[in-house]
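In what follows, a structure is listed as structure tokens, so that the remarks can point back to it.
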Amino acid sequence: MADGDCDVLVVGSCMTDLVSQAPRLPKAGETIHGHRFFIGFGGKGANQCVQAARLGAQTAMVCKVGTDFFGDKYIENLKNNSVSTEFVSQTDRAATGAASIIVNDAGENAIVIVAGANLLLGEEELWGAEPLLGRAKVLVCQLEIRPDTSLQSLRMARERRVRTIFNPAPAVADLHPDFFRVSDIFCCNETEAEILTGSTVTGPEDAGKVGAELLRRGCCSVIVTLGPQGCVVLSAEDSSPLHIPTATVTALDTTGAGDSFIGALAFYMARYPTISLEEMARRANQVAAVSVQAVGTQTSYPWRKDLPPELF
Ligand SMILES: Nc1ncnc2c1ncn2[C@@H]1O[C@H](COP(=O)(O)OP(=O)(O)OP(=O)(O)O)[C@@H](O)[C@H]1O
Ligand SMILES: *[C@@H]1O[C@H](CO)[C@@H](O)[C@H](O)[C@H]1NC(C)=O
Ligand SMILES: *[C@@H]1O[C@H](CO)[C@@H](O)[C@H](O)[C@H]1NC(C)=O
Numbered sequence: 000m001a002d003g004d005c006d007v008l009v010v011g012s013c014m015t016d017l018v019s020q021a022p023r024l025p026k027a028g029e030t031i032h033g034h035r036f037f038i039g040f041g042g043k044g045a046n047q048c049v050q051a052a053r054l055g056a057q058t059a060m061v062c063k064v065g066t067d068f069f070g071d072k073y074i075e076n077l078k079n080n081s082v083s084t085e086f087v088s089q090t091d092r093a094a095t096g097a098a099s100i101i102v103n104d105a106g107e108n109a110i111v112i113v114a115g116a117n118l119l120l121g122e123e124e125l126w127g128a129e130p131l132l133g134r135a136k137v138l139v140c141q142l143e144i145r146p147d148t149s150l151q152s153l154r155m156a157r158e159r160r161v162r163t164i165f166n167p168a169p170a171v172a173d174l175h176p177d178f179f180r181v182s183d184i185f186c187c188n189e190t191e192a193e194i195l196t197g198s199t200v201t202g203p204e205d206a207g208k209v210g211a212e213l214l215r216r217g218c219c220s221v222i223v224t225l226g227p228q229g230c231v232v233l234s235a236e237d238s239s240p241l242h243i244p245t246a247t248v249t250a251l252d253t254t255g256a257g258d259s260f261i262g263a264l265a266f267y268m269a270r271y272p273t274i275s276l277e278e279m280a281r282r283a284n285q286v287a288a289v290s291v292q293a294v295g296t297q298t299s300y301p302w303r304k305d306l307p308p309e310l311f
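Going by numbering that gives the first Met the number 0, 25 is the number at position 26 of the sequence shown; the sequence numbering is gapless.
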């Protein structure tokens with residue numbers, strides 16, 4: 000990438016989803032026949048990066064995949080979405096991250112995630128990507144890689160005045176307190192907010208309360224996403240929670256909606272830095288609402304051309 004042309008840099012995960020649909024979930028030792036199999040591109044880091052790219056952000060991914068078929072295909076997928084793969088590395092010490100998913104006819108699932116190569120992303124790769132990190136507009140991180148790698152990339156971004164979005168997913172109860180101090184926007188869903196605070200979240204009112212508690216831990220802003228209820232936004236300057244409802248739509252598949260929201264948020268922060276956080280969240284709600292109306296994860300993410308011009 001040339002100087003100054005990185006809007007959104009994601010340091011995070013790539014996972015291949017191997018999905019089998021069967022009438023029911025097999026018992027231990029049992030073999031059953033399913034009726035459909037497909038491979039999907041997932042991993043929270045790559046999902047968020049692909050959504051930002053499809054909206055028109057210049058993006059790059061710092062991640063690790065295996066020197067294997069799935070790793071090669073993942074790199075091809077990123078290229079197909081115009082994501083820079085200059086800092087995607089391949090290792091023969093672990094396989095590309097994979098999620099083996101079985102879905103039964105009732106829509107329930109059983110999932111085994113093997114993070115594999117994602118857990119080998121570390122300091123060396125961060126320093127390799129440092130020149131680009133220093134000139135990105137926004138850095139986005141999650142917790143599907145080693146937490147110390149995420150925390151270090153957020154610290155490096157902070158030191159270089161790059162804006163940061165941290166998504167504490169999947170949630171952990173014992174999150175290092177420094178994550179809050181290096182996050183401009185701390186964006187989580189209801190489950191993650193509950194695990195981090197120990198308080199139940201069922202709607203905008205609870206979300207406002209836990210959001211205020213998370214805000215006190217030292218980030219600049221908090222967003223708690225609430226599925227069909229949109230999200231709640233809080234900022235240090237004005238800590239009164241703002242509920243931002245979203246459009247009522249017929250949801251077909253909500254998988255990856257949270258990642259679509261965060262990818263869109265990163266796009267708006269990078270490309271429309273002067274609009275309010277409230278307005279960015281309102282627009283990110285609209286992007287994510289489109290993603291729930293189609294099946295799949297990345298396959299459901301809209302491109303700029305599919306969206307109303309008011310969003311840009
Ligand atoms: N049924 C829905 N109708 C409209 N918008 C939705 C719906 N579900 C999710 N969204 C949008 O997606 C955003 C994120 O959803 P949610 O809070 O469920 O995240 P998540 O739990 O991380 O998602 P997932 O785990 O399903 O990927 C919401 O803030 C909202 O904008
Ligand atoms: C990338 O795009 C090409 C051209 O459309 C297509 O043939 C290929 O299958 C795509 N690769 C992946 C991994 O999706
Ligand atoms: C929140 O995200 C986690 C992944 O971190 C997921 O397991 C959980 O189902 C999500 N919660 C809701 C309410 O969607």
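Heads up, the beta-carbon is just placed ideally off N, CA and C, and yes, glycines get one too. Quantities reported herein were computed from a predicted structural model and do not represent experimental measurements.
So residue i packs on residue j, CB below 8 angstroms; how close in whole Å?
i    : j    : result
A114 : A265 : About 22 angstroms separates the two Cβ atoms, so there is no contact after all.
A320 : E85  : The first residue shown for the chain is 0 and the last is 311, placing residue 320 beyond what the model contains.
A170 : T148 : Not confirmed; about 18 angstroms, so no contact.
T245 : A206 : About 14 angstroms; that fails the 8 angstroms criterion.
C219 : I184 : 7 angstroms
Considering only their Cβ atoms, is the gap separating residue j from residue i smaller than 9 angstroms?
i    : j    : result
I144 : G257 : no
V77  : V49  : Position check: residue 77 holds Leu in this sequence, whereas Val was assumed. For L77 and V49, yes; Cβs fall inside 9 angstroms.
N117 : C62  : yes
A326 : L24  : Residue 326 is absent from the structure shown; the chain starts at 0 and stops at 311.
P240 : V248 : no
C187 : V139 : no
S260 : G217 : According to the sequence displayed, residue 260 carries Phe and not Ser. No, the pair does not count as a contact, with Cβ atoms beyond the cut-off.
I38  : T15  : yes
Starting from residue i, trace the beta strand (DSSP E) in both directions and tell me its first and last residue.
i    : result
D252 : It is not in any beta strand (DSSP E) - D252 carries neither H nor E in the DSSP assignment.
T196 : No beta strand (DSSP E) contains T196, which is instead part of the alpha helix (DSSP H) from E189 to T196.
F40  : R35 to G41
R162 : R162 to F165
S220 : S220 to T224
E17  : In the sequence as presented, Glu is not what sits at residue 17; that position holds Leu. Residues M14 to Q20.
N80  : No beta strand (DSSP E) holds N80; DSSP gives it neither H nor E.
For residue i, which of helix, strand or coil comes out of DSSP?
i    : result
V49  : helix
L150 : helix
L120 : coil
G295 : coil
V171 : coil
A287 : helix
For residue i, is the beta carbon positioned less than 8 angstroms from some heavy atom of ligand 4?
i    : result
G255 : Only ligand 1, ligand 2 and ligand 3 can be found as ligands here, which leaves ligand 4 out of the picture.
Quick one: give me the first and last residue of the alpha helix (DSSP H) that residue i is part of.
i    : result
G210 : P203 to R215
G133 : E129 to R134
With ligand 3 as the reference, list in chain order each residue whose Cβ lies under 7 angstroms from any of its heavy atoms.
-> A168, P169, A170, N188, E189, T190, E191, G226 and G257
Taking 6 angstroms as the limit, tell me which residues put their C-beta closer than that to any heavy atom of ligand 2, in chain order.
-> K72, E75, N76 and N79
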